[in-house]
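Enquirer: Here it is, the structure in full.
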Amino acid sequence: MQGITKSFPGVLANDHIDFSVEKGAIHGLLGENGAGKTVLMSILYGLYRPDEGSIAVDGREVRVDSPAHAMRLGIGMVHQHFMLVPSLTVLENITLGREPVMNGFLLDRKRMHRDVKEFCDRYRLDVDLTAPVYTLPVGVQQRVEILKALYRGADALILDEPTAVLTPIEAEELFGAMRALKAEGKTVIFISHKLREVLAICDRITVLKRGRVMDTVAAEAATEESLAQMMVGRKIVYEFQKGDAAGQKPVLTVSGLKALSDRGIPALKGIDLEVNSHEILGLAGVEGNGQTELVEALTGLREAVEGTVVLNGEDITKATPLKRIRMGVAHIPEDRYKRGVVPDFSVMENLIMGGQRDRFAKNSVALDFREASSCSDEMMMSYQIQAPGKNTPLKFLSGGNQQRVVVAREFSRNPKLVVAAQPTRGLDVGATEYVRGKLVEMRDNGVAVLLISADLDEIWALSDRIAVIYEGKIVAVKPVNETTEQEIGLLMAGGRNG
Amino acid sequence: MVEKLTGAARKTLADVWRGSEGALFQVAAILLAFIVGALVLYASGYDPVLAYAAMLKGAFGDMYGIGQTLTQATPIIFTSLAFLISSKAGLFNIGAEGQFLMGAFTSSLVGIYLAGLPWILHIPLALLVGAVAGGAWGLIAAVLKARFNAHEVITTMMLSYVAAYLTGYMVNYPFKAPGWVSQTVKIAPTAELPRILPPTQLSAGIIVALALVAFTAYLLRKTILGFELRAIGLNPSAAESAGISINRGIMMAMFFSGAMAGLGGACEILGVHRRFIEGFSPGYGWDGLAVALVGGLDPVGSLLASILFGALRSGGMIMTRATKVPLDIVIILQALVILFVAAPMFIRSLLKRRRK
Amino acid sequence: MMVNLLDVISVGLFAAAIRMATPIVYAALGGMFSERVGVVNIGMEGMMLTSALGGVAVSYYTGNPWLGVAAAMATGGLLGLVHAVVTVKYAGNQIVSGTGLNILAMGFTAYMSQILWGSRGASERVAGIKDITIPILSDVPVIGPIIGTHSPLVYLMPVVTILCYVVLFRTPLGLHIRAVGEHPTAAETAGIDVVKIKYMGVIVSGMLAGLGGAFLSLSHLNLFARGMTGGRGFIALAALIFGKWMPFGVLGAGLLFGFADALQMRLQSLGILPPQIILMIPYVLTVAILAGMVGRARPPSDYKPYKRE
């Protein structure tokens, strides 16, 4: 790929990128969130068209018009968000678009099964072929995605952040599969923001930063520091100065909490948890082990089937979200666009959400616009929210600024408990540091912070104590200086202590 | 620093441009609809210019025309506000017609049977009852949605039919006035909304309508409830996280929506017909839907668009008498406007082509 | 006012139930295709009504009711195309577009009725589709009279249902349709032409609605009357939900609603209750059924407009 340039409204995602991969190699594409890795590979896969630049496959210049075209060229992609149709079976998903037919128009299911089974055996990827995809765990779904690409004749496989949804053990299995693919002569492009993995598995590594190629190096010649330097341009700050944690009192006590997921299956199977004032309790765990449901149960957005949630001595298990807000629970949602903000509302309107009945109400009917206005100005200044004005629709703000709005809104209520779910997801480095700094500030001021993050580095950097959630239960709680990353990683995967 | 300022200026300018572009869409949609309508007329052998001219003259040509236009516009203002407020909360209340009928009928009962009251009590009471009845009818759909997740498009539509048959039954059996026509007896004089522009049928209902426009604007922009409803309509998940009760919001929205339609029905009976007549509504509920869309889901826009549609109807009636063009062309025009308003991208692409 | 139950429940009632189910089932199957590709089609009422008119018009001028049926399906398909263009190509709001089509149909059919036959109420009688009798079947006791003699369009109903099932669940096309509705991006990356499939689904829904309309105006009655669909397009949507978006479920739901319709007509002819009360039955039933579907009404599709970067 040469000189690839692509921009979206407001963002130059790829800036004259030169990128090449050798056949039969595992090539890493490394960069921070938002560096442009996925965009670049999506161009290669025909999902986007580049504004400038050219692509050559096996020496011949091509224009990849669509994913179908990319597949014909032998390029397959396994996306971060799976491209699987939930109610269709594994077989149907794999053969989608090129199903074998009998009698001219009917599906030949026997042949489907035979053909795909052959692939499974060849690459040692074991999957239940007749199960509907939505019933399968995430790691297995990923295997289906890989099979899908192979079935379509992929010689080169692009894997986009594949380990984001895997436990450390499943990640190892994936690496094994990658090595098997390499042994069969396939090429693999491994997109990731995780330094250690990229170093472990790749032959060559290209580092992207803010849409530009920083360098391409051989893995043997690189170290974590050298890569980090390229990714960010300075040493990544992994440590925050934390104040003394004096006078801790339990703020949040959760006992035996049980709740169901959207599909009606138990997601929380008896959570016991305690968060104290002046502390950040980091909840580590692979996504999908109940974190989302836990956050919802704590904020009142999901019904607790059993168990209790006690805040500063008061039982809030059955309390409405409004009551919890009034009692001092702040919530930074993991999905900003879904739960955090109303994009069409102005900045000011977003800032007053949650307080429209109390602080920003003139009486029981009307809003107090004067208070809303002056508060918004204040919040925008102290939280450094960059926007044309407080009446600008929020959707025109950058992701980082939108998150600042959420943080400003939640923190300026002087909460007692902060539930922060993936608070720095999708943010650039500057915004990430800001949010993390604010969380520490809250903690120093005596607030109890429950930090839920899939980013182990973040948990490690910020937490006083670390808890691990696995399959709906808390399997361990340890002070940060009494445990190691290996131990946490093991617990996240369901391993036992010791 | 300069970069940031020019960037901000550019953004503000873009905002303003987008805002005015909005009204441009509505106007373009209306024009397009009239053009296509003209084609339909021409294809059926009528002279579109003659037809439109007759419509225009009938609607605005003289005091009588203007009065009739406003008379036709009045019920539409109510039903369009009804649709507007429900859609701000993300709900599609297409049953305004049914809520309108329920309001009309119940207010007629109050008008007939509570004859001893002075007008200063009688009229507001009848109006109130009509509004509450309409609101209750809308609330049924809201409860069905909140508790049973039944989609309000189907339930409000079904309830509209039920309302039509229910009031039809009432006016043909228990409350039927002697004679051939399916109607009730006249309401008491103390319940009549005065005519303010004789000899037209324009009644004080238009004043109530204008007041409702102001009330709706106030509700949406200045009150807590309006804020919460808009949040629910734009992003229910975020609204929920902010402590807003979605179910309560749905019920309030549908109640207000139905009440507005019901109030409209009440005004129509008390001001224009002075009794409940089966089939008196030529589809005011549907007009309201179209008008709300054409008005850009804004109270003042609804007012202006209601007058437009009122002109279509009153002018249309004159046109039919003068040129023999079927009155249904009015409904066709309405539908065309809706379709064009529903496809803003289509109009945008047309405008772009013109600019090139 | 003692009414013998046997006066109400009769062979004729069940036969009528099957008859009245027909337009609902066709429209609901149409709605199924549309929703399975991810487009809500609220406008089926309007499509049915306009198609009913189109069918009668063609039958009027050609004397051939089967040409009328074809014309009705073509009309429905055309309206489906309009809906598809507005919602797929221009990403317009699906409910607004459908409602617009309904209003258009109301006005347009009355308008055309006036122009063609000089009356906004009803058209003249036209050549209709005659009922046929299946020889051996109609001699079977009890069931025979119920299903032995019907319009060919009625017999076509189970055939079409089976066809829908086969297409949706046993052919690659069916897989593509379901994929496009549930996860259009996945379908796109699998090389499926998402836009084409969406168009197809909506146009087919229009054609099936047209078939339903044709039944009403060319088989059940032999004329077009203003508003003759009477909300059946909406009842079809309820049947679709009740039938869980599956062909055989829809068939069953349609029969249930057809039964309500037939019951309403029978009760009316017996005159035991005022007509308006009886006429309410199908609508109240629809609401009640929707209410009873608590939480189980999870549509198979994601209805967001699909955008290509």
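First to last, the protein sequences are chains A, B and C.
For the first sequence, my numbering assigns the number 1151 to the initial residue and increments by one for each residue that follows.
For the second sequence, my numbering assigns the number 2 to the initial residue and increments by one for each residue that follows.
For the third sequence, my numbering assigns the number 43 to the initial residue and increments by one for each residue that follows.
Virtual Cβ for every residue (Gly too), placed ideally from N, Cα, C.
Does B:L294 come within less than 8 Å of chain C when only Cβ atoms are used?
Expert: Taking the first residue of the second sequence as position 1, residue 294 of chain B is located at position 293. Cβ-Cβ to chain C under 8 Å: yes for B:L294.
Enquirer: Under 8 Å between the Cβ atoms of A:S1526 and A:L1501?
Expert: Numbered from its first residue, the first sequence carries residue 1526 of chain A at position 376. Numbered from its first residue, the first sequence carries residue 1501 of chain A at position 351. For A:S1526 and A:L1501, yes; Cβs fall inside 8 Å.
Enquirer: Using a Cβ-Cβ cut-off of less than 8 Å, list which residues of the stretch 1357-1378 of chain A approach chain C; keep chain order.
Expert: If the cut-off is 8 Å between Cβ atoms, the stretch 1357-1378 of chain A has nothing near chain C.
Enquirer: When you compare the CB of B:K58 with every CB in chain A, is at least one pair closer than 8 Å?
Expert: For this step, residue 58 of chain B is matched to residue 57 along the second sequence. With 8 Å as the cut-off, B:K58 does not count as an interface residue toward chain A.
Enquirer: At the 8 Å Cβ level, is B:M159 part of the contact set with chain C, yes or no?
Expert: For this step, residue 159 of chain B is matched to residue 158 along the second sequence. It does: the Cβ of B:M159 has a partner Cβ on chain C nearer than 8 Å.
Enquirer: Nearest by alpha-carbon distance to B:L264: which of B:I31, B:Q73, B:A83 is it?
Expert: Numbered from 1 along the second sequence, position 263 holds the residue referred to as residue 264 of chain B. Closest option to B:L264, Cα to Cα, is B:A83.
Enquirer: Below 8 Å on the Cβ atoms is my guess for A:A1581 versus A:G1550; work out the distance and round it to an integer in Å.
Expert: As a position in the first sequence, residue 1581 of chain A is number 431, starting the count at 1. As a position in the first sequence, residue 1550 of chain A is number 400, starting the count at 1. Contact flag correct, Cβ pair sits at about 3 Å.
Enquirer: For C:L179, which residues in the same chain have their Cβ closer than 7 Å to its Cβ, ignoring the five residues on either side in sequence?
Expert: In the third sequence, counting from the first residue as 1, residue 179 of chain C sits at position 137. Only G186, I189, G190 meet the Cβ criterion.
Enquirer: Using DSSP with H/G/I as helix, E/B as strand and the rest coil, what is A:T1442?
Expert: Against the first sequence, residue 1442 of chain A aligns to sequence position 292. A:T1442 falls in the helix class under three-state DSSP.
Enquirer: Could you please give the first and the last residue of the uninterrupted alpha helix (DSSP H) stretch that includes A:D1168?
Expert: Position 18 of the first sequence, counting from 1, holds the residue named residue 1168 of chain A. For A:D1168, no alpha helix (DSSP H) segment is defined, and its DSSP state is neither H nor E.
Enquirer: Can you list, in chain order, the stretches of the alpha helix (DSSP H) that have 4 or more residues and sit fully within the stretch 1506-1568 of chain A?
Expert: Complete alpha helix (DSSP H) runs here, min 4: 1519-1532, 1549-1561.
Enquirer: Output needed in chain order: residues of the stretch 1500-1524 of chain A with a Cβ under 7 Å from some Cβ in chain B.
Expert: M1503, G1504, Q1506, R1507, A1511, V1515, A1516, L1517
Enquirer: Among A:E1499, A:G1361, A:H1263, whose alpha-carbon lies nearest the alpha-carbon of A:L1517?
Expert: Start at 1 with the first residue of the first sequence, and residue 1517 of chain A comes out as number 367. Ranking A:E1499, A:G1361, A:H1263 by Cα distance to A:L1517 puts A:E1499 first.
Enquirer: Hey, quick one: how far does the beta strand (DSSP E) through A:L1407 stretch, first residue to last?
Expert: For the purposes of this step, residue 1407 of chain A is taken as the residue at position 257 of the first sequence. Counted as a single uninterrupted DSSP element, the beta strand (DSSP E) harbouring A:L1407 occupies residues 1400-1410.
Enquirer: In this structure, how does DSSP classify A:K1385 when only helix, strand and coil are distinguished?
Expert: Stepping through the first sequence from its first residue, residue 1385 of chain A is reached at position 235. Residue confidence is low: A:K1385 scores 45 on pLDDT, short of 50, so the model does not pin down where it sits. Its coordinate-derived value is still stated next. Here A:K1385 sits in coil by DSSP.
Enquirer: Which value, in whole angstroms, describes the spacing of the CA atoms of A:Q1534 and A:H1166?
Expert: In the first sequence, the residue the question calls residue 1534 of chain A occupies position 384. In the first sequence, the residue the question calls residue 1166 of chain A occupies position 16. Straight-line spacing of the CA atoms in A:Q1534 and A:H1166 works out to 32 Å.
Enquirer: Skipping 5 residues on each side, what residues in its chain have a beta carbon closer than 7 Å to that of A:K1156?
Expert: Here residue 1156 of chain A refers to the residue found at position 6 when the first sequence is read from its first residue. A1163, N1164, V1189, I1193, Y1198, P1200, D1201, listed in sequence order.
Enquirer: Interface residues of chain C around B:N364 at Cβ under 8 Å?
Expert: No information on residue 364 of chain B is available, as it lies outside the stretch 2 to 357 that chain B covers here.
Enquirer: When the Cα of A:L1307 is compared with those of A:A1314, A:R1293, A:I1319, A:V1315, which residue comes out closest?
Expert: Here residue 1307 of chain A corresponds to residue number 157 of the first sequence, with the count starting at 1. Distances from the CA of A:L1307 to each of A:A1314, A:R1293, A:I1319, A:V1315 were compared; the closest alpha carbon is that of A:R1293.
Enquirer: Looking only at DSSP bridge pairs, what is C:T231 linked to?
Expert: For the purposes of this step, residue 231 of chain C is taken as residue 189 along the third sequence, with counting starting at 1. DSSP, once it has assigned bridges, lists no residue as partnering C:T231.
Enquirer: Output the distance between the C-alpha atoms of A:K1588 and A:A1175, rounded to the nearest integer angstrom.
Expert: Position 438 of the first sequence, counted from the first residue, corresponds to residue 1588 of chain A. Position 25 of the first sequence, counted from the first residue, corresponds to residue 1175 of chain A. Take the alpha-carbon of A:K1588 and the one of A:A1175: they are about 43 Å apart.
Enquirer: So A:E1429 is in the alpha helix (DSSP H); what residue range does that whole segment cover?
Expert: Position 279 of the first sequence, counted from the first residue, corresponds to residue 1429 of chain A. That residue, A:E1429, is in no alpha helix (DSSP H); its beta strand (DSSP E) goes 1429-1434.
Enquirer: Relative to the C-alpha of A:N1253, which candidate in C:G118, C:P214, C:R308, C:T175 has its C-alpha closest?
Expert: For the purposes of this step, residue 1253 of chain A is taken as the residue at position 103 of the first sequence. If we check each option's Cα against that of A:N1253, C:P214 comes out closest.
Enquirer: Could you tell me which of A:R1360, A:T1337, A:V1460 sits nearest to A:V1171, measuring between CA atoms?
Expert: Here residue 1171 of chain A refers to the residue found at position 21 when the first sequence is read from its first residue. Considering only A:R1360, A:T1337, A:V1460, the residue with the shortest C-alpha distance to A:V1171 is A:T1337.
Enquirer: Quick check: the Cα distance between A:G1303 and C:Q136, rounded to an integer number of angstroms?
Expert: As a position in the first sequence, residue 1303 of chain A is number 153, starting the count at 1. As a position in the third sequence, residue 136 of chain C is number 94, starting the count at 1. Approximately 38 Å, taken between the alpha carbons.
Enquirer: For B:P190, count neighbouring Cβ atoms within 10 angstroms of its own Cβ and tell me buried if that reaches 16, exposed if not.
Expert: Along the second sequence, read from residue 1 onward, the residue named residue 190 of chain B stands at position 189. So B:P190 ends up on the exposed side.
Enquirer: Given that a residue counts as buried once 16 or more other Cβ atoms are within 10 Å of its Cβ, and exposed if not, what is B:Y43?
Expert: Taking the first residue of the second sequence as position 1, residue 43 of chain B is located at position 42. Counting C-beta atoms within 10 angstroms of its own C-beta, B:Y43 has fewer than 16 neighbours from the protein chains shown and is therefore classed as exposed.
Enquirer: Go to A:R1354, then tell me how far its beta strand (DSSP E) extends in each direction, as first and last residue.
Expert: The residue you call residue 1354 of chain A lines up with position 204 of the first sequence. Start and end: 1354-1359.
Enquirer: State the CB to CB distance for the pair B:L140 and B:M252, rounded to an integer number of angstroms; the pair is presumed to be in contact (CB under 8 Å).
Expert: In the second sequence, counting from the first residue as 1, residue 140 of chain B sits at position 139. In the second sequence, counting from the first residue as 1, residue 252 of chain B sits at position 251. The C-beta distance from B:L140 to B:M252 rounds to 6 Å, short enough to meet the 8 Å contact threshold.
Enquirer: Using CA coordinates, which residue listed in A:V1404, A:N1462, A:A1368, A:A1480 is at the minimum distance from A:K1419?
Expert: Along the first sequence, one-based indexing puts residue 1419 of chain A at 269. Among A:V1404, A:N1462, A:A1368, A:A1480, the Cα nearest to that of A:K1419 belongs to A:V1404.
Enquirer: Could you please give the first and the last residue of the uninterrupted alpha helix (DSSP H) stretch that includes C:E77?
Expert: Locating residue 77 of chain C in the third sequence gives position 35, where the first residue counts as 1. C:E77 -> alpha helix (DSSP H) spans 53-78.
Enquirer: Taking C-beta pairs closer than 9 Å, name the residues in chain B that A:D1494 reaches, listed in chain order.
Expert: Along the first sequence, read from residue 1 onward, the residue named residue 1494 of chain A stands at position 344. Here the neighbours are R231, L235, N236.
Enquirer: Using DSSP with H/G/I as helix, E/B as strand and the rest coil, what is B:I95?
Expert: Taking the first residue of the second sequence as 1, we reach residue 95 of chain B at position 94. B:I95 falls in the coil class under three-state DSSP.
Enquirer: Using the C-alpha atoms, what's the distance from A:E1429 back to A:I1609?
Expert: As a position in the first sequence, residue 1609 of chain A is number 459, starting the count at 1. As a position in the first sequence, residue 1429 of chain A is number 279, starting the count at 1. Whole-angstrom Cα-Cα distance: 13 Å.
Enquirer: At a Cβ threshold of 8 Å, is B:A210 touching chain C?
Expert: In the second sequence, residue 210 of chain B corresponds to position 209, counting from 1. So, not an interface residue.
Enquirer: Helix, strand or coil: how does DSSP classify A:G1181 here?
Expert: Counted from its first residue, the first sequence places residue 1181 of chain A at position 31. It is a strand residue.
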